[in-house]
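Reading through the C-alpha cells given below for one structure.
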Amino acid sequence: MEPIFNVVLPVFGIIAAGYVSGRRGLLGEASSEALNRFVYWVALPVLLFKAMATVDIDNVVRTDFLIGFMLSLAAVWAAAMLLAKLAFGRGLAEATMHGMNTVYGNAGYMGIPLALATYGAEAVFPAIFITVIYTAVIVGAAIVMIEVGAGKADGLGPVLRKVFGALIRNPMLIAPVLGLIWASFGLPLPAPAETFCSILGAAAGPCALFAIGLFLVGKPLREGLGEVTVMTVVKLLVQPAVTAVFMLWLFPVDPLWAKVAILMATLPTGAGSFVLSLSYGLYVQRTSSVILISTIASVATISVFYAIFPPTV
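This note's numbering runs 1 ahead of the 1-based position in the sequence shown.
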C-alpha cells in the first residue's frame with residue numbers, strides 16, 4: 002500500500018490545494034484558465050519534446066505490444082463513445098471527450114513512479130512508452146474527432162482543412178513529433194537544453210492538477226453524476242480488464258511489459274484530459290469531476306492490481 006499512498010495522495014493533495022486557493026481567492030478569478038494555458042502551450046509541450054527526443058529509436062518499435070495495447074485502447078474508447086451517444090445523447094465532440102476520459106490515464110505523474118516502485122528500473126521504459134502513446138496518439142486522435150465533430154463547414158474538404166490547420170498549430174502534437182525527429186538523428190540533447198526541458202516540463206503535471214482544483218471551486222460535483230460515474234467505472238474497471246485480455250491472451254507480450262500496461266490501465270483519468278477539454282471549452286465540468294473522483298477511487302483498483310500482480314521490489 003505504501004507506493005499507492007506515496008503517489009495517489011500527493012496527486013489528490015495538489016488538486017485540494019488548488020481548490021482551497023480558489024475558495025480563498027488567492028490567485029484571482031482567471032487563474033484556472035491562465036494556469037491551464039501555461040500547461041497547454043508551454044510546460045506540457047516541453048515535457049513531450051524531451052520524452053521523445055531522448056528515446057532510443059531502436060527500442061521504441063515494439064510491434065506486438067503497440068498493436069495489442071492500441072487495440073485495447075480503441076476498443077474501450079469506441080465502446081465508451083457509443084455509450085455516450087446512446088445513453089446520454091452526446092454528439093461526436095462530447096462523446097470523444099467522454100471516451101478519452103475512460104482511456105487517458107495519469108501515466109506520467111502516477112504511472113511512472115508506481116511502475117518504478119513496483120517493478121524496478123526495468124519497468125520505467127514501458128511506462129514512458131505508454132505515456133507517450135497517451136499524450137501523443139490519444140490526444141492527437143481526440144483533436145481530430147473534436148474538430149470534425151465541431152466542424153461547421155460544408156463538405157468534407159473544408160472540414161479536413163480545418164482539422165489539418167488545428168493539428169499543425171497544436172503544441173501537444175508538434176512537440177513530440179519534433180522530439181522524435183531529433184531522436185532519429187541519434188543526437189543527445191545539449192546539457193543546457195535537457196536541463197531547461199527537465200525543469201520546465203516538471204511543472205506540467207502539478208500545474209494541471211492545481212488548475213483542476215481551481216476550476217472546481219463553486220462547481221457542483223453532482224452535475225452530470227451519471228456520466229461521471231459511468232466514466233469512472235469504465236476507466237478503473239473495464240479498461241484494466243480489457244487491457245489484461247489483450248496483453249495476456251490476445252497479443253501476449255513480455256510479462257513485465259504486460260504487467261506495466263495493466264498497471265497503467267488501473268490509473269485514474271489524467272489531467273491532460275482536463276487541459277484539452279478546457280482548451281476547447283468542451284465537457285469541462287464532467288472531465289474535472291471524473292479526474293477527482295477516479296483519483297480517489299483508484300486507491301482501491303490499484304490495490305486489487307497489487308493483490309493479483311505483487312510488487313517485485
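We put the beta carbon where it would ideally sit given N, CA and C, even for glycine.
As the structure is a prediction and not an experimental result, all values here were calculated from the model.
In terms of DSSP beta bridges, what is Thr270 paired with?
In the sequence shown, residue 270 corresponds to position 269, counting from 1. According to DSSP, Thr270 bridges with Gly106.
Option nearest Ala262 by Cα separation, candidates Ala122, Gly112 and Thr196
Sequence index remark: in the sequence shown, residue 262 carries index 261 (1-based). Nearest of Ala122, Gly112 and Thr196 to Ala262, Cα basis: Gly112.
What distance in whole Å lies between the Cβ atoms of Leu210 and Val12, which are believed to be in contact at a cut-off of 8 Å?
Within the sequence shown, residue 12 is the residue found at index 11, counting from 1. Within the sequence shown, residue 210 is the residue found at index 209, counting from 1. With a Cβ gap of about 6 Å, Val12 and Leu210 count as contacting.
Which of helix, strand or coil does DSSP assign to Asn171?
Locating residue 171 in the sequence shown gives position 170, counting from the first residue. Residue state, collapsed to three classes: coil.
Counting C-beta neighbours from all protein chains within 10 Å, is the total for Thr296 16 or more, i.e. buried, or is it exposed?
On the sequence shown, residue 296 is found 295 positions in, with the first residue counted as 1. So Thr296 ends up on the buried side.
If you run the structure through DSSP and keep just helix, strand and coil, what is Val65?
Sequence index remark: in the sequence shown, residue 65 carries index 64 (1-based). The question names Val, yet the displayed sequence has Asp at residue 65. Asp65 falls in the helix class under three-state DSSP.
Going by C-alpha to C-alpha distance, which of Pro312, Ser278, Thr230 and Val138 sits closest to Leu264?
What you label residue 264 is simply residue 263 of the sequence shown in a count that begins at 1. Nearest option by C-alpha distance: Pro312.
Span separating the alpha-carbon of Phe6 from that of Arg162:
Locating residue 6 in the sequence shown gives position 5, counting from the first residue. Locating residue 162 in the sequence shown gives position 161, counting from the first residue. Going by the C-alpha atoms only, they are around 46 Å apart.
Output needed for Ile139: all residues of its chain with C-beta closer than 6 Å, excluding positions within five of it in sequence on either side, in chain order.
Residue mapping note: residue 139 aligns to position 138 of the sequence shown, counting from 1. So the list reads Tyr105, once near-sequence residues are dropped.
When we look at the beta-carbon of Pro127 and count the other beta-carbons within 10 Å, is it buried (16 or more) or exposed?
Mapped onto the sequence shown, residue 127 falls at position 126. Under this definition Pro127 is a buried residue.
Quick one: measure Cβ to Cβ for Ala108 and Gly271, integer angstroms, because I've assumed they're closer than 8 Å.
In the sequence shown, counting from the first residue as 1, residue 108 sits at position 107. In the sequence shown, counting from the first residue as 1, residue 271 sits at position 270. Sure, about 6 Å apart at Cβ, within 8 Å.
Just mark Thr64 as buried or exposed, buried being the case when its beta carbon has 16 or more other beta carbons within 10 Å.
Translated into the one-based positions of the sequence shown, residue 64 becomes position 63. Label assigned to Thr64: exposed.
Decide if Ala137 is buried, meaning its Cβ has at least 16 other Cβ atoms within 10 Å, or exposed.
Residue 137 sits at position 136 when you count from the first residue of the sequence shown. It counts as buried.
Does the stretch 281 to 292 come close enough to the stretch 213 to 230 to have 3 or more Cβ pairs within less than 8 Å?
yes
Beta-carbon spacing of Trp1, Ala54 below 9 Å
The requested residue 1 does not occur in the structure, where the chain is confined to residues 2 to 314.
Going by C-alpha distance, which of Ile144, Ile303 and Ala44 is nearest Gly166?
Taking the first residue of the sequence shown as position 1, residue 166 is located at position 165. That would be Ile144, whose Cα lies nearest to the Cα of Gly166.
Cα-Cα separation between Tyr135 and Ala192, rounded to whole angstroms:
Locating residue 135 in the sequence shown gives position 134, where the first residue counts as 1. Locating residue 192 in the sequence shown gives position 191, where the first residue counts as 1. Rounded to whole angstroms, Tyr135 to Ala192 spans 27 Å at the Cα level.
Drop a sphere of 10 angstroms on the beta-carbon of Arg91, count the other beta-carbons inside from all chains shown, and report buried for 16 or more, exposed for fewer.
The residue given as residue 91 occupies position 90 in the sequence shown. Per the 10 Å Cβ criterion, buried.
With three or more C-beta pairs closer than 8 Å as the rule, is the stretch 241 to 255 touching the stretch 68 to 76?
yes
Meets three-Cβ-pair contact criterion under 8 Å: the stretch 37 to 47 and the stretch 267 to 281
yes
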